[in-house]
Each structure stands twice: as C-alpha cells, then as structure tokens.
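S.K.: Those letters in the sequence shown? Residues -24 to -1, 1 to 566, per mature numbering (1 follows the signal peptide of the UniProt record, and there is no 0), in order.
Supplied in structure tokens, the structure appears directly below.
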Amino acid sequence: MSVIHNYVPFTLILFLCFHLITFSSPLQYGFHAYYNSTILAEPSEAMKYWVDIDNMPNVTLHPMLSESHLRAEQVNLTFELPFYGHPIKNIKIATGGFLNLGNTVHSSLASSQYIAPLMANFDTRLNESSKIKYASNSTMFVVQWENVVIKELPDEFFTFQVSLFSNGDIVFVYKDLPISFNDLPDTHHPVKVGLSDAYVIDETVFFIRKKTIYEYHRVELKKENILNNTAIYFTALPTCITLKDCESCSVGVPGLDCRWCESTGRCSDGLDRQRQDWLAKSCDTEAKKNNCLASTGSSAVIQRLSKMDPVKLGGSGNYTVFLNSTDSLQLPRFVSKRVHLYYNSTVYTEPTEAVKYWVNIDKMPNVTAQLMLSKSHLNAEPVSLAFKFPFYGHQINNVAISTRGFLHLGNTVHGWHATSQYIAPLMAHFDTQLNESSEIKCAVNSTMFVAQWENFTCEELPQKFFTFQVSLFPNGDIVFVYKDLPLAFKDIPKSVKVGLSDAFIFNKTLNEIQRTTINEYSRIDLTNLNISSHTSIYFSATPTCNTLVNRESCSIGIKGFSCKWCSAVGRCSDGYDRMRQQWLQNDCPT
C-alpha cells in the first residue's frame, strides 16, 4: 500500500624517440567517499541508460503525483537498495524531482536523505502532459518525471529519470533539460542534484520529544554542466557498515576509518544512520580500545562533528532539520581520493595510516638484494612474478626493476623503459654508484611482490637519501609507500614521474625497415601531489573491457568504457589496450 505525504521544500607515438598521443574522452569522474560518479556527456553513451519505462510490464502512472505540488508518495521496492550501505526497502517519490529515503516521516523531505536527479519547484498541476511514472523489477527501480514544469517557468518542460539498482548503483538520465541547473529559481524550493544521507538523534527536551536530523554526507553536482541527453552514473562503494565481523572490519574500507563495536555487534566509522545507538553504547570509546582494530583516526573526525554548529534549514512540528556546512567530515583530513578510469587512487598522508602498507622486506623469506642494480646507473633487471598480475587488465608474468625508481611492464625490449608501460613510485635520476648504502631489494610470494629502493641519491642531490617501496597484489592493486622523502616531487631535479602508464605497440615495415612504435593510451600522473615522508598511495584496480571473456558479459560492459565484442579475435575491448594492432587488423569495431 502506498502512503501519500505533503512536504516542505526548504528546510595519454614513440619512434624510438618520444612523441605523445593523447586521447580525449566525453567522461568526467568524481569521487565522493561513498560513491564514484561518472558524467556521460556523449548522447550516444548517455542514452544507453535511458529506460523505456512505458514498455516495462508493471509501469505505474501515478495520478495524484501527476496533478499536485509539494507532494510525495511512499512506494515499496522489490529489492533492498544499499544506500550509503544501509538497506532501503521503500522510498518516497516527490513531485519536486527527487526521492526521499528517510525512515522518519516529516515535512522537510528536501533537506536530506535524498536521491535528487533534479530537485526543483516542479508543479505538475500547471501542465496536463506532466506525468510521474515508476516501474520496477527484481534488480531495478525507475522513476520518470515527464514534461514537468517549474512554477516560475511554466513554458519550460523537463523530462528526466532516476534508476536504482540492487547493487546500490544509481543513474540520473536527462532527456529534456531546457535550462542549466544554475539558472533554475530556488526562492521557493531548493535546487539540488546529487545524493544525501543523514542520521537522526531522538531526544527529550523539556518533556517534549524532539527528533533532530543531521546530514553527515552530501554529493552535490548542481554546478556540473549537464545538458540534454546526458547521464550521471553513481557507483556505490563499500562502506564500514557492510562489514559483518571484527576481522573484516579491522581490514576496513579504503578512505573510511572502520571500527568494530562489540556492544552493537557492528562495524562503523561512527557516521551513519545508527549514530545514536553507536554513541549510546559508548562505541566511540569502546571501538578505540578494541584489539581487533588497527585504525586510530576517526575519533578526531567525530569530535569535530560534535563541535560544529549545524545550519538550521527549517522543519515542522517537533522536527528540526539541521545540515552541516561541509561534506568533508566523513573523510579524515589525511585521506584524499582520485578516480583515473583504470584505477582509483587513495593518498594517505597520516603516518599511522600510511605505515600499515610498509613491508618489512628483510623479514620476508625469499628477499633478494639486487647487487648489480645496487651499484649501477640507468640499468634494469627482469624478475619473474609468482602470480599473474593484472595491469590495466593484461596478465603480466614478469617485471623489470629499474635503478631509476620504477618497474617496467612492457613485453618489448627497448631503451625507452621510462616513457611508458611503467609503475613508478618515484621515477627520478637516481644513481646507486654514488652511495655505498644504496640498495635495491625485492621479494615475492604467492600473494605479493615487493620492490624497495633504499638510501637512493641523485647526482644533483648527493646528500639527500630516498627510501620507498612498491607492492603488487594478485588482484591488480598497487601500493606506493614513502619512508624517506626529503624533497617534494616537484623539487627533485630533472625528469620525475609518479604514477602508472600503459601503451600498445605497432610493428610495421617502412622502406624495408621494421619499425616498432609505442603508443601510450593511458597515464596516471601524480607528480604534482604534495607527498612527504611516511605517506602512501594505494591504487585500486577497476574492471576493464579486456577482462570480459564472452559476448554476453561484453554486451553488459564496464562503466566508463565502450566495450565491444570482436568475433574475429574472440575478445572484448574498447579498442585501446595492448592488443590494439590486432584489433585494427581484424576490422574490430572502434
């Protein structure tokens, strides 16, 4: 049974020389702690997410919502939607272009706990063709606002959708958007595009029961340049509350300071919908003492929260709605995130967090000191891995360790290792001949490969000593850890690179001379980061087209890539990977 509510509105060609080819993309990426966002500005890609709702078997045209203002209807979902990690069983569809996902019924639905493809002062009474429709199946729930108009702009018609998926992903699709978000009037109703969640504190003040809503996180995309036939895809990320035991909680989630509280039998960073219970059972202090956990950083975040002055937006009855003036509280200050298409990166600048990724390589059973590399300059030594390492989705069996502070992962032997196909924790003009204590060590087992550059110096900086590591994991993840970094990257002389690169190779014959050309198709460059000693960078590998092994999975594809199946080669690709020459020679789709 549905329930009707009124609501108040406020409240990156080498010819054995270096020439770079870059590739543009109609995609924009963002990281928001609990979700990654991808903006698809190319209509042919964006409209793949538009759902023909009228052809869904159980589409519902809601007559009341299609002829009203400031109204909302509660609708049950056919699956549990993980929203910020919380399982949601029902939502409220609002005439104002958003969904409210709060458990508490109140009049300020637009203030928090929302999914807003386009929250604005829509009034479906002003146009007979205005319709609000919804439909669902076991894996998807879709809502469409069709030909809706804003009270102050009665001649402009907006049509857009939101789709919710059972894995927690969310998609906004805009079919008709006559005016930029920033130009929409917000005098009588807030204009918002994005996501929000909050927790509720229930208390009694002077014998009056009072519920206060605190927004602990918001994703705001109103300033993005969104046009007709564009889409925004939100990818749900793991959260602490999805971890069900102390051990998994101690491993945690990148970017969130997960802690286990025995009193509640749950994992949290203290900022989620169950915050009142977390505080009532002293989890904020108990979790800090729990031996199962290694995290130490969230208490400062929680203390900052309690000291902040919330901004009152308004409410009704016994409800008062508050919003914090910033959405950075859910992430400790020492963590920053970036999305790079093939990898996500997390930078840890707090030593107590970063040091967790440092490997005591001398205690590994098969550690090897690379004696030749430790007394040479501009040299590299191949090393076999004990596992297949997925690099940009390609299976790598061996790497070359360079004296210049990087690994080369190319199959072709040439003198330009530093130009592409590298993993570079700190590629610089190092010379191990300058210091007797300079060493390169490596160790490998079935689950990890570690390379360490120890007490390295540059010719221009003979008194500066650098010590750092890179670790590779079978799932494709990569970690850079900096133990001693006496200078910022930007202050190290000559060519410096920090990051990842991959390339494809073309072999061709010109004037009876065989020529190999290396074309870099992707580079992640973090050289401009302000990294110091005792920091780390964690790269999480993301799925790629070339990991999809059949036509069916390729047709579903990977978010952010235009995956295509080529029967002639029996593989999936977007055309840009190490097999590009084969892809083009077989007339595969581009």
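C-beta: ideal position from N, C-alpha, C; glycine also.
Are the CB atoms of I69 and L171 nearer to each other than 8 Å?
M.R.: Sequence index remark: in the sequence shown, residue 69 carries index 93 (1-based). Sequence index remark: in the sequence shown, residue 171 carries index 195 (1-based). No.
S.K.: From this set, I208, D131, K186, Y175, which residue's C-alpha is nearest V169's C-alpha?
M.R.: Indexing the sequence shown from 1 puts residue 169 at position 193. Looking at the Cα atoms, I208 is the closest of the given residues.
S.K.: Of all the options F425, H38, V147, which has the alpha carbon lying nearest to the alpha carbon of I15?
M.R.: Translated into positions along the sequence shown, residue 15 becomes position 39. Cα-wise, what sits closest to I15 is V147.
S.K.: So, at 7 Å on beta carbons, what are the nonlocal neighbours of A330 in its own chain, with the 5 sequence-adjacent residues on each side left out?
M.R.: Within the sequence shown, residue 330 is the residue found at index 354, counting from 1. Y324, V457, H510, T511, S512, listed in sequence order.
S.K.: So what does C539 bridge to, in DSSP terms?
M.R.: Within the sequence shown, residue 539 is the residue found at index 563, counting from 1. The partner list for C539 (beta bridge, DSSP) is empty, contrary to what the question assumes.
S.K.: Pull up the distance between the alpha-carbon of S447 and that of D221, whole angstroms please.
M.R.: Within the sequence shown, residue 447 is the residue found at index 471, counting from 1. Within the sequence shown, residue 221 is the residue found at index 245, counting from 1. In a straight line, the C-alpha of S447 is about 27 Å away from that of D221.
S.K.: Can you grab the Cα-Cα spacing for the pair Y10 / Y60, in whole Å?
M.R.: As a position in the sequence shown, residue 10 is number 34, starting the count at 1. As a position in the sequence shown, residue 60 is number 84, starting the count at 1. Rounded to whole angstroms, Y10 to Y60 spans 6 Å at the Cα level.
S.K.: For Q306 and S352, I'd like the C-alpha separation in whole angstroms.
M.R.: The residue labelled residue 306 in the question sits at position 330 within the sequence shown. The residue labelled residue 352 in the question sits at position 376 within the sequence shown. With a pLDDT of 32 at Q306, under the threshold of 50, the predicted position of this residue should be treated as unreliable, and no value is reported.
S.K.: In the DSSP assignment, find the unbroken beta strand (DSSP E) run with V125 in it and report its ends.
M.R.: Counting from one through the sequence shown, the residue named residue 125 turns up at place 149. Per DSSP, V125 belongs to the beta strand (DSSP E) from 116 to 126.
S.K.: Using the beta-carbon count (16 or more within 10 Å), is P358 buried or exposed?
M.R.: Within the sequence shown, numbered from 1, the residue matching residue 358 stands at position 382. Counting Cβ neighbours within 10 Å, P358 comes out exposed, since fewer than 16 surround it.
S.K.: Taking the straight line between their C-alpha atoms, what separation do you get for W429 and P93?
M.R.: What you label residue 429 is simply residue 453 of the sequence shown in a count that begins at 1. What you label residue 93 is simply residue 117 of the sequence shown in a count that begins at 1. Their Cα atoms are separated by approximately 49 Å.
S.K.: Between the region 115 to 123 and the region 189 to 201, can you find at least three pairs of beta-carbon atoms closer than 8 Å?
M.R.: Short answer: they don't touch.
S.K.: In whole angstroms, what is the alpha-carbon distance linking D131 and E200?
M.R.: As a first step, residue 131 is located in the sequence shown; it is residue number 155 there, counting from the start. As a first step, residue 200 is located in the sequence shown; it is residue number 224 there, counting from the start. Spanning the two alpha carbons is a distance of roughly 23 Å.
S.K.: Does the beta-carbon of F482 have 16 or more other beta-carbons within 10 angstroms, so that it is buried, or is it exposed?
M.R.: Here residue 482 is taken as the residue at index 506 of the sequence shown, counted from 1. F482 is exposed by the Cβ-count criterion.
S.K.: At a cut of 8 Å, does the region 360 to 377 reach the region 412 to 424 through at least three beta carbon pairs?
M.R.: Taking 8 Å as the limit for Cβ pairs, the verdict is that the region 412 to 424 does touch the region 360 to 377.
S.K.: If you run the structure through DSSP and keep just helix, strand and coil, what is E18?
M.R.: The residue given as residue 18 occupies position 42 in the sequence shown. DSSP places E18 in coil when its eight states are reduced to three.
S.K.: Taking buried to mean at least 16 other C-beta atoms within 10 Å of its own C-beta, is S282 buried or exposed?
M.R.: For this step, residue 282 is matched to residue 306 along the sequence shown. Low confidence applies here, because S282 scores a pLDDT of 32, under 50, leaving its location unreliable and the question unanswered by this model.
S.K.: So L53 and N66 are supposed to be a Cβ contact under 8 Å. How far apart are they, rounded?
M.R.: In the sequence shown, the residue the question calls residue 53 occupies position 77. In the sequence shown, the residue the question calls residue 66 occupies position 90. Indeed they touch by this definition, with Cβ atoms about 6 Å apart.
S.K.: Let me confirm a value: R235 is counted as buried when at least 16 other C-beta atoms fall within 10 Å, else exposed. Which label applies?
M.R.: Within the sequence shown, numbered from 1, the residue matching residue 235 stands at position 259. Label assigned to R235: buried.
S.K.: Should S477 and Q397 be called a contact, given that it needs their Cβ atoms to be closer than 8 Å?
M.R.: Position 501 of the sequence shown, counted from the start, is the residue given in the question as residue 477. Position 421 of the sequence shown, counted from the start, is the residue given in the question as residue 397. Yes, the pair counts as a contact, with Cβ atoms nearer than the cut-off.
S.K.: Under the DSSP definition of a beta bridge, which residues are partnered with H384?
M.R.: The sequence position of residue 384 within the sequence shown is 408, counting from 1. A376, Y398, per the DSSP bridge assignment.
S.K.: If I measure Cβ to Cβ from E128 and keep anything under 7 Å in the same chain, skipping five residues before and after, which residues do I get?
M.R.: Stepping through the sequence shown from its first residue, residue 128 is reached at position 152. Closer than 7 Å at the Cβ level, and outside the excluded window around E128, lie N97, P161.
S.K.: For I507, tell me which candidate among K440, P401, L219 has the shortest Cα-Cα distance.
M.R.: The residue labelled residue 507 in the question sits at position 531 within the sequence shown. Taking only the C-alpha atoms, the option nearest I507 is P401.
S.K.: Determine the burial state of V525: buried for a count of at least 16 other Cβ atoms within 10 Å of its Cβ, exposed for fewer.
M.R.: As a first step, residue 525 must be located in the sequence shown, where it is residue number 549. Exposed, since its Cβ has fewer than 16 Cβ neighbours within 10 Å.
S.K.: Which of helix, strand or coil does DSSP assign to K198?
M.R.: On the sequence shown, position 222 is the one that residue 198 refers to. Of the three classes helix, strand and coil, the one that applies to K198 here is coil, per DSSP.
S.K.: Relative to the alpha-carbon of S498, which residue among L317, V149, I64 has its alpha-carbon at the smallest distance?
M.R.: On the sequence shown, position 522 is the one that residue 498 refers to. When only C-alpha atoms are compared, the closest one is L317.
S.K.: On the CB-based measure, 16 or more other CB atoms within 10 Å of its CB, does V149 come out buried or exposed?
M.R.: Stepping through the sequence shown from its first residue, residue 149 is reached at position 173. It counts as buried.
S.K.: What whole-angstrom Cβ distance do L383 and A427 have, given they're in contact under 8 Å?
M.R.: Numbered from its first residue, the sequence shown carries residue 383 at position 407. Numbered from its first residue, the sequence shown carries residue 427 at position 451. Going by Cβ atoms, the distance from L383 to A427 rounds to 6 Å, so yes, they are a contact pair.
S.K.: Could you check what DSSP says for S360 in three-state terms: helix, strand or coil?
M.R.: For the purposes of this step, residue 360 is taken as residue 384 along the sequence shown, with counting starting at 1. S360 falls in the strand class under three-state DSSP.
S.K.: What does the Cβ neighbour count give for I202, buried or exposed, with the cut at 16 atoms within 10 Å?
M.R.: Your numbering for residue 202 matches position 226 in the sequence shown. Looking at its Cβ environment, which holds 16 or more other Cβ atoms inside 10 Å, I202 is buried.
S.K.: Please name the residue, chosen from P214, H370, N487, N387, that lies closest to A376 on a Cα-to-Cα basis.
M.R.: As a working note, residue 376 is residue 400 in the sequence shown. When each option's Cα is compared against that of A376, the closest is N387.
S.K.: By a C-beta neighbour count over all protein chains shown, 10 Å radius and 16 as the cutoff for buried, is T492 buried or exposed?
M.R.: Looking up residue 492 in the sequence shown gives position 516. So T492 counts as exposed.
S.K.: Could you tell me which whole beta strand (DSSP E) segments of length 3 or greater appear in the region 187 to 261?
M.R.: Here the runs fully enclosed are 206 to 212, 235 to 237, 242 to 244.
S.K.: Between the C-alpha atoms of S413 and F444, what's the straight-line distance to the nearest angstrom?
M.R.: By one-based count along the sequence shown, residue 413 stands at place 437. By one-based count along the sequence shown, residue 444 stands at place 468. Approximately 14 Å between the Cα atoms of the pair.
S.K.: Please confirm whether I177 and S87 have their CB atoms less than 8 Å apart.
M.R.: Counted from its first residue, the sequence shown places residue 177 at position 201. Counted from its first residue, the sequence shown places residue 87 at position 111. The answer is no: Cβ separation not under 8 Å.
S.K.: Straight-line CA distance for F367 to N373?
M.R.: Sequence index remark: in the sequence shown, residue 367 carries index 391 (1-based). Sequence index remark: in the sequence shown, residue 373 carries index 397 (1-based). Using only the alpha carbons, I get a separation of about 10 Å.
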